[in-house]
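Here is the structure we will look at.
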Amino acid sequence: MKSVSCSTCLLKSKAAENLEDAELNILGQSCVEVVFQKGETIFKQSALSSNIIYLQSGMVKLIMAGPQRTQILRIKKAPCYLGLPTTMGDKVNHYSAVAVEPTTACFIDIVAFKQLLRLNTDFSNEITIELCKNELEQFHRCVKLVQSHVFGRMAGNLLYFANEIYRSDEYDLPLSRNELADLAYTSRETVSRLLSDLAKEQVIKIQGKHIQIINKTMLQKISEKG
DNA sequence: GCATTAACCACAG
DNA sequence: CTGTGGTTAATGC
443 MKSVSCSTCL LKSKAAENLE DAELNILGQS CVEVVFQKGE TIFKQSALSS
493 NIIYLQSGMV KLIMAGPQRT QILRIKKAPC YLGLPTTMGD KVNHYSAVAV
543 EPTTACFIDI VAFKQLLRLN TDFSNEITIE LCKNELEQFH RCVKLVQSHV
593 FGRMAGNLLY FANEIYRSDE YDLPLSRNEL ADLAYTSRET VSRLLSDLAK
643 EQVIKIQGKH IQIINKTMLQ KISEKG
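According to my numbering, the first sequence is numbered sequentially starting from 443.
This is the structure:
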């Protein structure tokens with residue numbers, strides 16, 4: 443197993459910034475770095491999980507097989523931790539993580555991770571904060587998904603990519619139309635229609651996966667009124 | 001009833 | 001993998 447030097451890592455998490463040298467050694471000795479290509483699965487629903495994953499770079503989708511179909515729970519961009527709920531909460535994963543672009547991930551042994559949580563309270567605090575923020579975001583997303591119509595859901599996701607993921611009103615979607623449908627809980631066909639309607643109304647401009655938001659105020663209105 | 005919404009099916013590029 | 005058109009079931013006015 444290739445040992446990783448976490449102390450010199452330039453892509454350290456905010457939480458790991460709090461670790462002492464000795465603690466970083468513990469981390470380095472129970473941590474491996476893996477590169478994933480687009481479409482590769484990082485961990486799978488129903489499989490046993492004994493690792494916490496830290497995303498150094500790249501982007502993933504968290505997906506869960508539901509009773510009807512597969513749902514994208516959310517898109518996560520590095521840097522961030524993955525699998526805290528699914529590894530700490532149960533023996534097996536309750537959802538899968540799949541890379542949607544080339545991604546580098548550190549696999550951290552759960553025993554070492556728990557040890558660090560005990561040793562360093564600042565580290566634990568940061569982890570707790572990240573988990574709490576995630577929960578809040580998920581609650582909002584849940585309510586939005588359930589209570590708004592397709593236009594609102596779609597607009598919300600387009601804004602999410604612009605504001606949270608790319609921090610730009612112009613970006614290349616890493617997802618196919620089908621995946622957008624899984625994200626907004628709609629059909630592939632509806633996604634196509636919505637996007638071309640929005641383009642017709644001059645709210646956005648689309649060229650394949652390239653999205654440009656032209657009328658953001660309008661898009662926000664659509665997202666809110668849903 | 002009638003209109004609207006959005007899913008499902010089919011088919012073409 | 002996408003975009004479009006037709007059909008259809010559910011819901012609202």
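Where is the CB? At the ideal position from N, CA and C, for every residue including glycine.
How many angstroms separate the CA atom of N599 from the CA atom of N605? On the first sequence, residue 599 is found 157 positions in, with the first residue counted as 1. On the first sequence, residue 605 is found 163 positions in, with the first residue counted as 1. Going by the C-alpha atoms only, they are around 10 Å apart.
Own chain residues within Cβ distance below 6 Å of A464, not counting five before or after: Reading the first sequence from its first residue, position 22 is the one you call residue 464. Here the set comprises nothing.
Would you mind working out which of S610, F555, A489 and T545 sits nearest L526, comparing C-alpha positions? Here residue 526 is taken as the residue at index 84 of the first sequence, counted from 1. Among S610, F555, A489 and T545, the Cα nearest to that of L526 is on F555.
Where does H536 sit, in a helix, a strand or coil, going by DSSP? Taking the first sequence and counting its residues from 1, one reaches residue 536 at position 94. Correct three-state label for H536: coil.
Apart from the five residues on each side of it in sequence, which residues of its chain come closer than 6 Å, Cβ to Cβ, to L625? For the purposes of this step, residue 625 is taken as the residue at position 183 of the first sequence. If we look at L625 and ignore the five residues flanking it on each side, its Cβ neighbours are I514 and N599.
Cβ neighbours of K480 in the same chain (closer than 7 Å, five flanking residues each side left out): Taking the first sequence and counting its residues from 1, one reaches residue 480 at position 38. Same-chain partners within the cutoff: A541, V542, E543 and P544.
Below 6 Å CB to CB, which residues in the same chain sit around S499 once its five sequence neighbours on both sides are set aside? As a working mapping, residue 499 is identified with position 57 in the first sequence. Here the set comprises A520 and T546.
Closest to L504 by C-alpha separation, out of E482, L490 and Q510, would be which residue? By 1-based counting over the first sequence, the position of residue 504 is 62. The option with the nearest alpha carbon to L504 is E482.
Below 8 Å, can you find three or more Cβ-Cβ pairs linking the stretch 619-636 to the stretch 558-569? no
Spatial distance of R560 from V553 (CA atoms): The residue you call residue 560 lines up with position 118 of the first sequence. The residue you call residue 553 lines up with position 111 of the first sequence. Using only the alpha carbons, I get a separation of about 11 Å.
Take the Cβ of N620 as the centre, count every other Cβ of all protein chains shown within 10 Å, and call the residue buried at 16 or more, exposed below. As a first step, residue 620 must be located in the first sequence, where it is residue number 178. Per the 10 Å Cβ criterion, exposed.
Bridge partners - V476, DSSP secondary structure assignment: Here the question's residue 476 lines up with position 34 in the first sequence. In the DSSP output, where bridge partners are listed per residue, V476 has A547.
Based on the DSSP secondary-structure assignment, which residues constitute the bridge partners of V502? Taking the first residue of the first sequence as position 1, residue 502 is located at position 60. Partner residues in the beta bridge of V502, as assigned by DSSP, are K518 and A541.
For D564, three-class secondary structure by DSSP: The residue you call residue 564 lines up with position 122 of the first sequence. DSSP places D564 in helix when its eight states are reduced to three.
Could you tell me whether the stretch 659-668 touches the stretch 578-591, where touching means 3 or more Cβ pairs closer than 8 Å? yes
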